[in-house]
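A.B. asks:
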């Protein structure tokens, strides 16, 4: 029903709705804002669109442009408008192109005004990528932890990754504080980190986990963070929101947690769980049961309790 309503909203009504939903809350990123999450996504999208330092991948570029557009980046809206207008990386759709040009124009992007005048009439059509991702209702973080205070305590080189994680975590229905606890414990926000067990990047993904969650470049911070968040979302669903079991699974693998029917008796894993819970002092977390069925080991534990 929401998609139908969006399709018939007037131009300014659509942008107002996106602003209210927090999807267009940032100003158009200029050079002085190039460490903001939307600008990081924009830069990566451009690289994939033009094959600059990475293999050319228009589909990946379109996905990243839409991520940045959801954060309110007018340049990403404008670029994605042209991709839809030309059928590059996405199926051609003039109505979607008009939507992105309209959004960019109303955020003050000068070139979008001319592009809008050359394109088709705006009708309020909204592509799926602009809609809230995930399996259910849009996730709203319940934790009252002060992210800004935490950011202020960090050196400048880590702030960009922290902001990226806190931006992306709710899109995977994960509390930012839990996602940051994982990233801090895993790599201390080092995108080039490699462990003795060949776990790589910010979220320390082993090759099998990276492949499982469609991460093609483990040292790409955006891909790595998304892959880690996707795995954490899966674990939270598998263990029905039980945080100690989910984070133990992140460290030792869900196979080990299932085998021991609880946190494995590995010193590393037990210390890992303690560190996470010290940073995120909650043992339960919202989850979506549609992501995956419950762990048989969890069912056995509940049956014996």
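Numbering (my numbering), first residue to last: 3 to 307.
Think of the CB as a built atom: it goes at the ideal place given N, C-alpha and C, for glycine as much as any other residue.
If we count the other Cβ atoms within 10 Å of its Cβ and call it buried at 16 or more, is residue 254 buried or exposed?
C.D. replies: Taking the chain shown and counting its residues from 1, the one referred to as residue 254 is at position 252. Buried, since its Cβ has 16 or more Cβ neighbours within 10 Å.
A.B. asks: For a minimum of 4 consecutive residues, which ranges assigned as the alpha helix (DSSP H) are wholly contained in the segment 66 to 123?
C.D. replies: Correct list: 76 to 88, 96 to 108, 112 to 120.
A.B. asks: Looking at the structure shown, is residue 286 part of a helix, part of a strand, or coil, going by DSSP?
C.D. replies: The residue you call residue 286 lines up with position 284 of the chain shown. Residue state, collapsed to three classes: strand.
A.B. asks: In whole angstroms, what is the alpha-carbon distance linking residue 289 and residue 169?
C.D. replies: The residue you call residue 289 lines up with position 287 of the chain shown. The residue you call residue 169 lines up with position 167 of the chain shown. Straight-line Cα distance between these residues: approximately 18 Å.
A.B. asks: Give the secondary structure of residue 204 by DSSP, where H, G and I count as helix, E and B as strand, and everything else as coil.
C.D. replies: Your numbering for residue 204 matches position 202 in the chain shown. Reduced to three states, the DSSP call for residue 204 is coil.
A.B. asks: Is the beta carbon of residue 69 closer than 8 Å to that of residue 108?
C.D. replies: Indexing the chain shown from 1 puts residue 108 at position 106. Indexing the chain shown from 1 puts residue 69 at position 67. No.
A.B. asks: Measure the Cβ-Cβ separation of residue 121 and residue 106 and say whether it is below 8 Å.
C.D. replies: By 1-based counting over the chain shown, the position of residue 121 is 119. By 1-based counting over the chain shown, the position of residue 106 is 104. No. Outside cutoff.
A.B. asks: Which class does residue 196 belong to by DSSP, given the choice of helix, strand or coil?
C.D. replies: If you number the chain shown from 1, residue 196 lands on position 194. Strand.
A.B. asks: Quick check: what's the CA-CA separation for residue 225 versus residue 166?
C.D. replies: If you number the chain shown from 1, residue 225 lands on position 223. If you number the chain shown from 1, residue 166 lands on position 164. For residue 225 and residue 166, the distance between alpha carbons rounds to 11 Å.
A.B. asks: Could you give the DSSP three-state label for residue 190: helix, strand or coil?
C.D. replies: Here residue 190 corresponds to residue number 188 of the chain shown, with the count starting at 1. Coil at residue 190, not helix or strand.
A.B. asks: Taking the beta carbon of residue 52 as the centre, do at least 16 other beta carbons fall within 10 Å, making it buried, or is it exposed?
C.D. replies: Position 50 of the chain shown, counted from the start, is the residue given in the question as residue 52. So residue 52 counts as exposed.
A.B. asks: Quick check on the DSSP output: the alpha helix (DSSP H) that includes residue 216 runs from which residue to which?
C.D. replies: The residue you call residue 216 lines up with position 214 of the chain shown. Here residue 216 belongs to no alpha helix (DSSP H), and DSSP marks it neither H nor E.
A.B. asks: Would you please state the rounded distance, in angstroms, between the beta carbons of residue 85 and residue 64? I believe it to be under 8 Å.
C.D. replies: To locate residue 85, count along the chain shown from 1; it is residue 83. To locate residue 64, count along the chain shown from 1; it is residue 62. About 5 Å; that satisfies the 8 Å criterion.
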